[in-house]
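Below is one structure, written out as structure tokens; the observations come after it.
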Amino acid sequence: MQKDGGAVGGDAGREEGDGLWEVAVDRERCIGSGICVGTAPGRFVLTGGRSGPVRAFVGPDGAVLDAAESCPMEAVTVRERGTGRLLAPEE
Amino acid sequence: MTVSGETYAYPFSEPHRLDLDPFYAKLRAEEPLCRIRLPYGEPAWLATRHEDVRTVLGDPRFSRAAALERDEPRMHAHLRRQGGILAMDPPDHTRLRRLVAKAFTMRRVELLRGRTQEIADGLADAMAAGGDRADLVEQFALPLPITVICELLGVPFEDRGDFRIWSDAFLSTSKLTGQQVQDHIESMNGYMAHLIAERRERPADDLLGALVRARDEDNDRLSEEELVQLAVGLLVAGHETTASQIPNFVYVLLTHPEELARLRREPELVPRAVEELLRFVPLGAAGAFPRYALEDVEFGPVTVRAGEPVLVAAAAANRDPEVFSDPEGLDLGRSDNPHVGFGHGPHHCLGAQLARMELQVALETLLRRFPGLRFDGGPDAVVWKTGLLVRGPSLMPVAW
Ligand code: HEM
Ligand code: HEM
Ligand code: SF4
Numbered sequence: 014m015q016k017d018g019g020a021v022g023g024d025a026g027r028e029e030g031d032g033l034w035e036v037a038v039d040r041e042r043c044i045g046s047g048i049c050v051g052t053a054p055g056r057f058v059l060t061g062g063r064s065g066p067v068r069a070f071v072g073p074d075g076a077v078l079d080a081a082e083s084c085p086m087e088a089v090t091v092r093e094r095g096t097g098r099l100l101a102p103e104e
Numbered sequence: 403m404t405v406s407g408e409t410y411a412y413p414f415s416e417p418h419r420l421d422l423d424p425f426y427a428k429l430r431a432e433e434p435l436c437r438i439r440l441p442y443g444e445p446a447w448l449a450t451r452h453e454d455v456r457t458v459l460g461d462p463r464f465s466r467a468a469a470l471e472r473d474e475p476r477m478h479a480h481l482r483r484q485g486g487i488l489a490m491d492p493p494d495h496t497r498l499r500r501l502v503a504k505a506f507t508m509r510r511v512e513l514l515r516g517r518t519q520e521i522a523d524g525l526a527d528a529m530a531a532g533g534d535r536a537d538l539v540e541q542f543a544l545p546l547p548i549t550v551i552c553e554l555l556g557v558p559f560e561d562r563g564d565f566r567i568w569s570d571a572f573l574s575t576s577k578l579t580g581q582q583v584q585d586h587i588e589s590m591n592g593y594m595a596h597l598i599a600e601r602r603e604r605p606a607d608d609l610l611g612a613l614v615r616a617r618d619e620d621n622d623r624l625s626e627e628e629l630v631q632l633a634v635g636l637l638v639a640g641h642e643t644t645a646s647q648i649p650n651f652v653y654v655l656l657t658h659p660e661e662l663a664r665l666r667r668e669p670e671l672v673p674r675a676v677e678e679l680l681r682f683v684p685l686g687a688a689g690a691f692p693r694y695a696l697e698d699v700e701f702g703p704v705t706v707r708a709g710e711p712v713l714v715a716a717a718a719a720n721r722d723p724e725v726f727s728d729p730e731g732l733d734l735g736r737s738d739n740p741h742v743g744f745g746h747g748p749h750h751c752l753g754a755q756l757a758r759m760e761l762q763v764a765l766e767t768l769l770r771r772f773p774g775l776r777f778d779g780g781p782d783a784v785v786w787k788t789g790l791l792v793r794g795p796s797l798m799p800v801a802w
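So the protein lines, in turn, are chains A and B. The number in the working numbering is simply the position in the first sequence, starting from 1, with 13 added. The number in the working numbering is simply the position in the second sequence, starting from 1, with 402 added.
Following this line, the structure appears as structure tokens:
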């Protein structure tokens with residue numbers, strides 16, 4: 014899977030991404046372990062015992078991929094903005 | 403400066419069964435960060451409030467790796483840890499943790515539930531076949547998590563006896579000399595290195611096989627030493643904690659008959675009951691794994707200076723009235739339960755989902771199979787581990 018977000022995905026017939034990533038946390042699944050907050054400092058914040066992204070759209074940043082791969086509940090997703098292509102977690 | 407200006411000897415008292423020393427509650431209310439001194443190593447701070455505990459465990463201004471260069475506060479002279487996942491900081495820690503995290507997600511763990519149930523049923527069958535009484539520790543609580551973690555990793559069944567002896571050395575250190583502990587650790591490392599070499603020759607589909615592939619496909623991802631240490635760490639961490647919690651949970655239930663009756667009436671409460679018991683049981687008998695401040699960090703009137711170590715009292719945080727209603731009470735139906743029984747932040751227990759599943763299966767199986775479960779000889783017949791490590795019975799006679 015192509016993972017360095019600088020390169021735009023470009024599956025034929027799809028819209029192109031604009032180089033930004035969309036970070037989301039499923040707050041229903043999140044158990045507030047704080048792993049994402051510790052793994053990608055400044056990218057996630059715990060409110061009311063659940064995590065959420067500090068900013069929904071970020072420039073390519075390996076740390077947010079690490080956070081999505083490390084979340085025990087697979088509650089964090091990182092997608093390419095525009096195409097919606099899933100960058101992490103790996104399926 | 404602290405409120406009292408005093409440095410307390412820690413732990414505050416010899417642990418008694420699963421009682422929490424009331425001094426924790428006093429500190430939490432009056433001196434939420436206090437100075438303590440463990441039997442070995444430099445003096446430290448102790449955090450007792452839920453919010454502060456989460457800051458110490460989750461804030462990147464606190465480091466585990468820094469402990470390697472310091473005279474770490476600790477319980478035993480010889481417990482100087484040489485590394486491992488719990489002694490690393492992001493991003494090194496992240497690299498290692500990512501590799502194994504996949505195997506321990508909720509989804510992957512659910513796939514192991516059926517097999518775990520089979521193992522638990524087999525153990526319950528053997529207990530029932532033996533009559534109407536048993537030692538819950540030896541006959542149920544120890545074999546369950548060992549079997550699960552050994553199967554997950556790919557440790558052959560016939561080696562489990564040796565493995566048990568070595569792994570006891572990691573946590574039940576009181577009876578062993580430093581040299582014996584060191585010898586056991588080396589035996590375990592050697593054994594793991596041998597299993598890993600086997601996977602190289604004959605690739606396998608177990609977790610060890612997957613870790614070997616991660617190491618061999620991309621040399622930067624995992625050094626040989628890290629690979630061995632990680633595998634040993636999983637074995638060690640994966641069983642003493644869970645094996646202690648099973649009889650701890652049963653002990654709490656049998657000493658809270660109304661809550662036990664409620665759980666029998668409403669077995670669908672088991673997942674919540676497990677969370678509540680994780681909150682309620684003070685598993686760690688003393689502080690372990692101190693964090694070092696990388697810069698000055700303020701906690702109200704107290705400033706932890708850069709370079710100072712802080713320990714957390716998870717059991718005290720788990721009874722913080724700011725967070726939990728009726729914190730001293732056991733409520734198996736408690737719905738909002740952000741306990742820190744699995745820690746918090748980047749080192750939040752890797753095996754938490756696995757442990758939860760095992761504990762759910764264990765409780766549900768014991769309740770279903772032994773409706774008359776009780777202490778054989780009363781609670782006083784339970785023998786508790788000593789040595790100020792992880793609390794739990796070493797012998798728990800039960801009857802049904
Ligand atoms: C609730 C309490 C505890 C938990 C959750 C816990 C958890 C763990 C974990 C996860 C590991 C594997 C770490 C790694 O791979 O680096 C480990 C190893 C170890 N723990 Fe604990 N532990 C606890 C209490 C203690 C205490 C109180 C002591 C002793 C004072 C202790 C001594 C050790 C030792 C000696 C090892 C092996 C170290 C090594 O591989 O170098 N633990 N424990
Ligand atoms: C009831 C059972 C368990 C309890 C209460 C427990 C508790 C904990 C706690 C409190 C920590 C954090 C220590 C710290 O940050 O200072 C931890 C870490 C860890 N646990 Fe567990 N644990 C349990 C079972 C397991 C199991 C079954 C496994 C493995 C398969 C496991 C593997 C680990 C590992 C590898 C770490 C270190 C994680 C890291 O440093 O990133 N634990 N555990
Ligand atoms: S790692 Fe996952 S479960 Fe933990 S706080 Fe982040 S989103 Fe929630």
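Ideal Cβ placement from N, Cα and C applies to all residues, glycine included.
Identified DSSP bridge partners for residue i
i      : result
B/G686 : B/V792
B/L448 : B/C436 and B/L713
B/D537 : B/P799
B/A695 : B/F464
A/V91  : A/V36 and A/A101
B/W786 : B/P795
B/Y410 : B/I438
B/E700 : B/T705
Chain-ordered chain B contacts of residue i [CB-CB under 8 Å]
i     : result
A/V50 : G460 and G747
A/E82 : R500, A503 and K504
Within chain B, the residues that residue i reaches when beta carbons sit closer than 7 Å
i     : result
A/G62 : P740
A/G45 : P740
Cβ-Cβ distance between residue i and residue j below 9 Å
i      : j      : result
B/L662 : B/M594 : no
A/S83  : B/R500 : yes
B/P547 : B/T644 : yes
B/L713 : B/A446 : yes
B/D523 : B/R771 : yes
A/P66  : B/P492 : no
B/P740 : A/G62  : yes
B/V550 : B/P649 : no
B/R602 : B/V614 : yes
B/V742 : B/V557 : no
B/L775 : B/H658 : no
is_contact[residue i, chain B] using C-beta, thresh 9 Å
i      : result
A/A76  : yes
A/E41  : no
A/P102 : yes
A/E93  : no
A/P66  : no
A/P54  : yes
A/P85  : yes
A/D79  : yes
Any chain A beta carbon closer than 9 Å to residue i
i      : result
B/P493 : yes
B/F506 : yes
B/T643 : no
B/F744 : yes
B/T575 : At B/T575 the pLDDT is 45, less than 50, meaning the model places this residue with poor confidence and gives no usable figure here.
B/Q762 : no
B/R476 : no
B/Y694 : no
B/A715 : no
B/A754 : yes
B/T496 : yes
Any non-hydrogen atom of ligand 3 closer than 8 Å to residue i Cβ
i      : result
B/H749 : no
B/R499 : no
B/A411 : no
B/L791 : no
B/V706 : no
B/V458 : no
A/P85  : yes
Residue i: contacting residues in chain A (beta-carbon distance under 8 Å)
i      : result
B/F691 : Neighbours of B/F691 on chain A: none; closest Cβ ~14 Å, over 8 Å.
B/R535 : What B/R535 touches in chain A: nothing, since even the nearest Cβ is about 38 Å away.
B/T788 : Near B/T788 there are no residues of chain A at all, since even the closest Cβ is about 32 Å away, more than 8 Å.
beta-carbon residue i near ligand 2 non-hydrogen atom, thresh 8 Å
i      : result
B/T518 : no
B/A695 : no
B/G753 : yes
B/T644 : yes
B/G640 : yes
7 Å Cβ cut-off: residues of chain A touching residue i
i      : result
B/H750 : S46, G47 and I48
B/R509 : E87
Neighbouring residues, chain D, relative to residue i (Cβ below 7 Å)
i      : result
B/R562 : Considering every chain present, this structure includes no chain D. Its protein chains are A and B.
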